[in-house]
Each structure stands twice: as structure tokens, then as C-alpha cells.
Amino acid sequence: MSYLQIADCFAWLRKGSLAALLGLLVMSVFGVPLLTEPGSFAGRVTQDALFSLILMAGVVTSTERPGSFPLIAFGAFTAIAVRCASWLFPGDYTLAIRDETALAAVALIGTTIGMTVFGPGKVTFGRIDGAIALYILIGMICAYAYQLINLRVPNAFSGVTIGTDKENPSTWIYFSFVTLTTAGYGDIVPIARQARSIANLEGLIGQLYPAIVLARLVSLHLANSGADKA
């Protein structure tokens, strides 16, 4: 196999991994809470399996940037290993480390995808998929941040008790996306300053990102398609 064929194979894998990443994120955020009981064994197993696949898809996507690939791969596999260890050692300390490593790994993958989305070049469907995936990743990053704050800071939220759903992030995914979309149902309210700060930032991103980034990318893609046809 020639070098060009190998390069084409990696390019195809990266393109496919971005679409797979988006699909896995949608399943993890919207499918698992719908089909499984929050905090159940089946829900936790499914969520952990999807999370591991999300990280692996992110690692494949990051091969486009060799400089940051080792760090992202190390962060992803560390997060997966810690998540597996949390089954054997389910104490608060292990769960906090689990959330910290998950937060770091997802943030690294989100940064890499952001560099691709906002980088130079023609706007393709792949970049639009990446922009949508990044939007969902922002919600996941904030969800893990909220869950970690709930473990570390007493009475950080009203509407939930300390340590609620420690082993399953469904509550915090729900709260994060309610905040990101500025639905604001009011059943869970941030009280601690750390929680309020992240909620404010997430709400601001939720307002600006679709209106500016997604709309701009779609308009550029349509403009490029029209120019190609002309």
C-alpha cells in the first residue's frame, strides 16, 4: 500500500469518526435517558460504553493534528481506565477523579474539533457536523462540571441532594442542556458561585453559538455550493 493510499485511508477514517462522534453524542445525551431508568445498572453500563466510544472516536478525529494527538489519546484512555476503576472502587474520591478525567478528556477533544471547525478552508458537511458535535460537547463538559461541583461543594444546587446520581450523569446532562438552550424550567437551581458562574457562561454560549457559528457555517456552505454549480 502506497503512502497516498494510507493517507487517503486515514482521511476517510477521520471523516467517518466525526460523523460517528456526532451520532454517539446524540445517543448518549438524548437516547440513554429516554430508554433507561436514571441511576439504573443498565443505564450506567450503556452510558459508560457510549462515553468510551465517544472518546475513542475523538481520538481518531484528533489524528489530523499530530502535535496534540498523544495528549488527547493519553487523556482519553486515562478517563476510560478511571471510569472502569470506579466500578470496583465506588467511593466519592474515585467518582470525583472519574468526573475530573472525563471533563479533561472531553475538553481536549472539544478543543481539537473547535480548531477544525474554526480553521481555514472550505466549509463542508463534515465541518458542520463538527460544529454540531462541538455544541453538544460543550453541554457535556458543563454537565461533568456540574456533577463535580455537586460532589465537592455542599448545597451547590437546590432541587437535588448532595451526591444525587453520583454514578450516573443523567441529572446533570438534563440540567446542562436546559441551561445551554436557556429553557430554564427552574426545577434545579445553581446556588454555589462556581455553579452559577458556569451556568451563566453556558447560557451565554447557548444563545450565541447557534446564531453566530452554526448559522455562519451553513450560509458559507450554501454560498460555496452555489458558486460550484455556477
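Position 182, counted from 1, in the sequence shown is what our numbering calls 165; the numbers after and before it change by one each time, with no gaps. Just so it is clear, CB atoms sit at the ideal spot from N, CA and C, and this is done for glycine as well. The model shown is predicted, which means the values in this text are computed figures rather than measured ones.
- The shortest CA-to-CA distance from residue 205 to any of 105, 30 and 26 is the one to 105.
- Cβ contact annotation for residue 160 (same chain, cutoff 6 angstroms, sequence separation greater than five): 122, in chain order.
- In the three-state scheme derived from DSSP, where H, G and I count as helix and E and B as strand, residue 141 is classed as strand.
- A contact between stretches requires three or more CB pairs, one per stretch, nearer than 8 angstroms, and the stretch 35 to 44 meets this requirement with the stretch 75 to 94.
- A distance below 8 angstroms separates the beta carbons of residue 21 and residue 154.
- CA-to-CA, the gap between residue 117 and residue 166 works out to about 20 angstroms.
- One thing to note: residue 96 has its Cβ no nearer than 8 angstroms to the Cβ of residue 201.
- 8 angstroms or more divides the Cβ of residue 94 from the Cβ of residue 62.
- The residue from 115, 141 and 169 with its alpha-carbon nearest to that of residue 199 is 115.
- If you ignore the 5 residues before and after residue 80, its C-beta comes within less than 7 angstroms of the C-beta of 65, all in its own chain and listed in chain order.
- Secondary structure remark: continuous alpha helix (DSSP H) runs of at least 4 residues inside the stretch 15 to 79, in chain order: 15 to 18, 24 to 44 and 52 to 71.
- The beta carbons of residue 124 and residue 177 sit no closer together than 8 angstroms.
- Note on geometry: alpha-carbon atoms of residue 51 and residue 58 lie some 11 angstroms from one another.
- Membership of residue 156 in the alpha helix (DSSP H) is indicated by the continuous run 153 to 163.
- Per the DSSP secondary-structure output, residue 172 pairs in a beta bridge with 141.
- A distance below 8 angstroms separates the beta carbons of residue 141 and residue 172.
- Separation of the CB atoms of residue 119 and residue 8 is rounded to 4 angstroms, and the pair is thereby assigned contact status at 8 angstroms.
- Under the three-state reduction of DSSP output, residue 166 falls in the coil class, being neither helix nor strand.
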